[in-house]
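Chains as they are written, first to last, in the numbering used here: chain Y, 71 to 291; chain U, 70 to 309; chain L, 76 to 334.
Note that CB positions come from ideal geometry on N, CA and C, so glycine has one too.
Below you'll find the structure, written out as structure tokens, and then a few comments.
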């Protein structure tokens, strides 16, 4: 069995390239949703009211402790039953976003808790208000561990998008599956999809490392 | 201590749920889900063995004095971490046969999951080995221990203590990731629940049970890794 | 004429632009105790580390009883870089005690002392245990044999480390600042063990230390190391009473004033 270049250029590439934007769109939107929703989840999680904090913590644990794919299927089947009809891509973005929001919430919390207690006390001793304390003291110090972790989640989300093919979303993996079942040749399509993910995540890893050094340099001099 | 209570509570709840389910209408889909759970457990257990083996092999190989060994190990880690698990499963199941190597669904699933997570585990192992103080290597060399013994008797046992907690988390991620093995036609819990849902349209019940089963697996692993961790560092608590 | 036990000929060691050993020459006779002193960071520890083959050297030859160590004789009679087997064979004659003890934290005191005799010398377990118990008794720790390093004080850990090195039956013992990491009240118990080794046994010993009083008391010869070589050496009484070199005088004044 060998690689068929003609098949690659005439069938595989023309069908894979147009769906690359779908993968990227799903990645970016899920990431944004995760970052914002994660912030809310974190705020609930660290609430002073046990009645809010405990269920929020359990919810985060439940989301983190179960597979994303099952959650995707759940949403996919549940939403229409309760009368919400969404395109599969939107459902998928929602699912990936919620799952990663739970992960982000824990990253935020860890970052904030890593700021030494002395910093809170110093801010109080200087009579800074809550807003100033968060904005000028706590958040700048908690960013260096948070930023690279978020970067890694961005790469993680990117690699989770093939799961959307289970919901018949027309992204890369789905397209290569279709090519495979139509022509009974999987080699070119699956390998190209793999290469695409490999190159993109290596590039993304380099970018994340660059941002990471910038952030830690700008904040800690 | 807390995790222990949680794990026991979860188990009790699970058993109670089973009893309840047997006498209710959950009966129609539960057997199929449990058969799926057995497949999930089988894939996960075999993958765990492969993951551990390849993590330690590649993790040690990445620190080898020979550049060719280092290079192969690095390529393995980067390729398997850089591409998606789903892509790798497809590759093992649909592409390898075109090269003349046909794998059973179970073999393809285990190879995909095991090698994928082994690549992540390799980084944990490598980090743990480099975290063992240089003085330990030097003392072992000064005592004239052969290189292999330095690794197996002195460095790896100390690295193991550092490896266990992140390895526990990785194992939980691995079990969750087995949910995609339906891509290679295995009927695991996830796929069983999709099938049952299409038959019976009881979305909430079916998926709550499925999520709960996965959650039990996670807690069980967390609990046993906690025990292992306690055991492994009994003597090291006060060092350095 | 007998060969010196240890001989350094024109040994050079560089870290990038930094020259740590600069054409070092040294001879140590069998049974001699030589103390190496010198400013911190001067690289005197490197002399021991090079001899233990923890560091490689760029130039020069180290011989043990006339036999090349960092090199070996090829079949044609010339010198070629030493093989691992050659290094291991010669290294078996050298034991080392580290500044930070470097005990294996996952093994008991006894476990530390039998590991290498079993796996490197090939002793039976019973034999290794017997030997280790004797040595632990000698350093005064027979009651601590089943303790883990984390359960021992610094001084006790260092004494276990000495027993561990002795368990390999070396002819040459290297001490790399053995008391520098210890709290002051534990220094004496370790020095007492080294003193005992010096007076009652016939080891060839190299000792890097900042304990000037101890150096004066036990050593047969004191060497002052600075700038990659030995600037001055001599019997301790003469060395401390009338150092010839200006740098030696400055160093001794500074160190002795601090005490």
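| task | Mark residue 228 of chain Y as exposed unless 16 or more other C-beta atoms lie within 10 angstroms of its C-beta, in which case mark it buried. | result | Mapped onto the first chain, residue 228 of chain Y falls at position 158. It is buried - the Cβ of residue 228 of chain Y has at least 16 other Cβ atoms within 10 Å.
| Assuming residue 118 of chain L contacts residue 85 of chain L under a Cβ cut-off of 8 Å, what Cβ separation, rounded to an integer in Å, is found between them? | Mapped onto the third chain, residue 118 of chain L falls at position 43. Mapped onto the third chain, residue 85 of chain L falls at position 10. The distance from the Cβ of residue 118 of chain L to that of residue 85 of chain L is about 16 Å, inconsistent with a contact at the 8 Å cut-off.
| said: Checking 9 Å against the spacing of the C-beta atoms, do residue 226 of chain Y and residue 278 of chain Y come in under that value? | reply: The residue you call residue 226 of chain Y lines up with position 156 of the first chain. The residue you call residue 278 of chain Y lines up with position 208 of the first chain. Between residue 226 of chain Y and residue 278 of chain Y, the C-beta gap is not smaller than 9 Å, which leaves the two residues out of contact.
| task | Starting from residue 153 of chain U, find everything on chain Y with Cβ-Cβ shorter than 7 Å and list it in chain order. | result | Numbered from its first residue, the second chain carries residue 153 of chain U at position 84. Result: 229, 232 and 267.
| message | Check this for me: beta carbons of residue 104 of chain Y and residue 231 of chain Y, under 9 Å apart or not? | response | Taking the first residue of the first chain as position 1, residue 104 of chain Y is located at position 34. Taking the first residue of the first chain as position 1, residue 231 of chain Y is located at position 161. It is not a contact, given that the beta carbons lie outside the stated cut-off.
| field | Check whether residue 169 of chain L and residue 213 of chain L have beta carbons under 9 Å apart | value | In the third chain, residue 169 of chain L corresponds to position 94, counting from 1. In the third chain, residue 213 of chain L corresponds to position 138, counting from 1. When the beta-carbon positions are compared, residue 169 of chain L and residue 213 of chain L stay at least 9 Å from each other.
| said: Counting only beta-carbon separations shorter than 9 Å, does residue 157 of chain U have a partner in chain Y? | reply: Here residue 157 of chain U is taken as the residue at index 88 of the second chain, counted from 1. Chain Y, which has a Cβ nearer than 9 Å to the Cβ of residue 157 of chain U, makes this yes.
| request: Pick helix, strand or coil for residue 139 of chain L, following the three-state DSSP scheme. | output: Along the third chain, read from residue 1 onward, the residue named residue 139 of chain L stands at position 64. Three-state DSSP puts residue 139 of chain L in a strand.
| query | Quick one: does residue 83 of chain U have its CB under 9 Å from some CB of chain L? | reply | Taking the second chain and counting its residues from 1, the one referred to as residue 83 of chain U is at position 14. Using beta-carbon distances, residue 83 of chain U does not count as an interface residue toward chain L, since no partner is under 9 Å.
| message | For a cutoff of 9 Å on Cβ pairs, would you count residue 170 of chain L as touching chain U? | response | For the purposes of this step, residue 170 of chain L is identified with residue 95 of the third chain, where counting begins at 1. Cβ-Cβ to chain U under 9 Å: yes for residue 170 of chain L.
| query | Counting pairs of beta carbons, one from the segment 260-279 of chain U and one from the segment 101-116 of chain U, are three or more of them closer than 8 Å? | reply | Yes: the two stretches touch, three or more of their Cβ pairs being nearer than 8 Å.
| request: Report yes or no: do three or more beta-carbon pairs, one from the segment 153-171 of chain Y and one from the segment 232-244 of chain Y, lie closer than 8 Å? | output: Yes, the segment 153-171 of chain Y is in contact with the segment 232-244 of chain Y.
| task | Figure out for me which residue from Y/171, Y/102 and Y/93 has the closest Cα to the Cα of residue 112 of chain Y. | result | For the purposes of this step, residue 112 of chain Y is taken as the residue at position 42 of the first chain. Of the candidates Y/171, Y/102 and Y/93, the one whose C-alpha sits nearest the C-alpha of residue 112 of chain Y is Y/171.
| Do residue 250 of chain L and residue 281 of chain L have their CB atoms nearer than 9 Å? | The sequence position of residue 250 of chain L within the third chain is 175, counting from 1. The sequence position of residue 281 of chain L within the third chain is 206, counting from 1. At the C-beta level, residue 250 of chain L and residue 281 of chain L come within 9 Å of one another.
| How about residue 136 of chain U: is its C-beta nearer than 9 Å to some C-beta of chain Y? | As a working note, residue 136 of chain U is residue 67 in the second chain. Residue 136 of chain U does not count as touching chain Y.
| In three-state terms, what does DSSP make of residue 110 of chain L? | Within the third chain, the letter at position 35 stands for residue 110 of chain L. The three-state secondary structure of residue 110 of chain L, taken from DSSP, is strand.
| Where DSSP assigns a beta bridge to residue 90 of chain L, which residues make up the other side? | For the purposes of this step, residue 90 of chain L is taken as the residue at position 15 of the third chain. Within the DSSP secondary-structure output, residue 90 of chain L pairs in a beta bridge with L/93.
| residue 263 of chain L by DSSP, collapsed to three states: which one? | Start at 1 with the first residue of the third chain, and residue 263 of chain L comes out as number 188. In the three-state DSSP reduction, residue 263 of chain L falls in the helix class (H, G or I).
| Cut-off 6 Å between Cβ atoms - residues of its own chain near residue 88 of chain Y, not counting five sequence neighbours on either side | Against the first chain, residue 88 of chain Y aligns to sequence position 18. Around residue 88 of chain Y, the same chain offers no residue with a beta carbon nearer than 6 Å, after the five sequence neighbours per side are excluded.
| According to a CB-to-CB cut-off of less than 7 Å, which residues of the segment 187-198 of chain L neighbour chain U? | The residues in question are 190, 191, 194 and 195.
| message | Any beta carbon from chain U within less than 9 Å of residue 99 of chain L's own beta carbon? | response | If you number the third chain from 1, residue 99 of chain L lands on position 24. No Cβ of chain U is located within less than 9 Å of the beta carbon of residue 99 of chain L.
| query | Comparing the C-beta of residue 32 of chain Y with each C-beta of chain U, is any distance below 9 Å? | reply | Outside the displayed span of chain Y (71 to 291) sits residue 32 of chain Y, for which this structure offers no information.
| task | Count the C-beta pairs between the segment 187-202 of chain U and the segment 210-230 of chain U that are closer than 8 Å, then say yes if the count reaches three, no if not. | result | In short, these stretches touch, since the Cβ pair count reaches three.
| message | Extract the residue ranges of the alpha helix (DSSP H) inside the segment 243-326 of chain L, only unbroken runs of 4 or more that lie entirely within it. | response | Listed in chain order, the complete alpha helix (DSSP H) runs (minimum 4 residues) inside the segment 243-326 of chain L are 259-275, 287-293 and 311-316.
| said: Cβ closer than 9 Å: which chain U residues qualify as neighbours of residue 272 of chain Y? | reply: In the first chain, counting from the first residue as 1, residue 272 of chain Y sits at position 202. Close to residue 272 of chain Y, with beta-carbon spacing below 9 Å, are these residues of chain U in chain order: 147 and 151.
| Contact check, residue 158 of chain U vs residue 252 of chain U under 8 Å by CB: the rounded distance? | Position 89 of the second chain holds residue 158 of chain U. Position 183 of the second chain holds residue 252 of chain U. Separation of the CB atoms of residue 158 of chain U and residue 252 of chain U is rounded to 5 Å, and the pair is thereby assigned contact status at 8 Å.
| request: Quick one: give me the first and last residue of the beta strand (DSSP E) that residue 146 of chain L is part of. | output: What you label residue 146 of chain L is simply residue 71 of the third chain in a count that begins at 1. Membership of residue 146 of chain L in the beta strand (DSSP E) is indicated by the continuous run 146-148.
| field | Interface flag, residue 308 of chain U vs chain L, CB-CB below 9 Å | value | On the second chain, position 239 is the one that residue 308 of chain U refers to. Low local confidence applies: a pLDDT of 43 at residue 308 of chain U is under 50, so the model's placement there is unreliable, with the coordinate-based value given in what follows. So yes, residue 308 of chain U belongs to the interface.
| Is any heavy atom of the ligand ZN found at a distance shorter than 8 Å from the C-beta of residue 194 of chain L? | The ligand ZN is not among the ligands present in this structure, which contains no ligands whatsoever.
| At least 3 beta-carbon pairs within less than 8 Å: the segment 123-136 of chain Y vs the segment 281-290 of chain U | Taking 8 Å as the limit for Cβ pairs, the verdict is that the segment 281-290 of chain U does touch the segment 123-136 of chain Y.
| said: To test your reading of the DSSP string, which unbroken alpha helix (DSSP H) runs of 4 or more residues are found completely within the segment 77-103 of chain Y? | reply: Complete alpha helix (DSSP H) runs here, min 4: 83-86.
| From Y/123, Y/166, Y/257 and Y/255, pick the residue whose C-alpha is nearest to that of residue 144 of chain Y; which is it? | Looking up residue 144 of chain Y in the first chain gives position 74. For residue 144 of chain Y, the closest of Y/123, Y/166, Y/257 and Y/255 by C-alpha to C-alpha distance is Y/166.
| Interface flag, residue 232 of chain U vs chain L, CB-CB below 9 Å | Taking the second chain and counting its residues from 1, one reaches residue 232 of chain U at position 163. Residue-level contact by beta carbon fails for residue 232 of chain U and chain L, as no gap is shorter than 9 Å.
| task | Give the range of the alpha helix (DSSP H) segment to which residue 122 of chain Y is assigned. | result | Locating residue 122 of chain Y in the first chain gives position 52, where the first residue counts as 1. Element bounds for residue 122 of chain Y: 120-135.
| task | List the endpoints of the continuous alpha helix (DSSP H) containing residue 220 of chain U. | result | Residue 220 of chain U sits at position 151 when you count from the first residue of the second chain. Where residue 220 of chain U is concerned, there is no enclosing alpha helix (DSSP H), because DSSP gives it neither an H nor an E.
| request: State the beta-bridge partners of residue 230 of chain Y as determined by DSSP. | output: As a working mapping, residue 230 of chain Y is identified with position 160 in the first chain. Note: residue 230 of chain Y sits in no beta bridge, so no partner.
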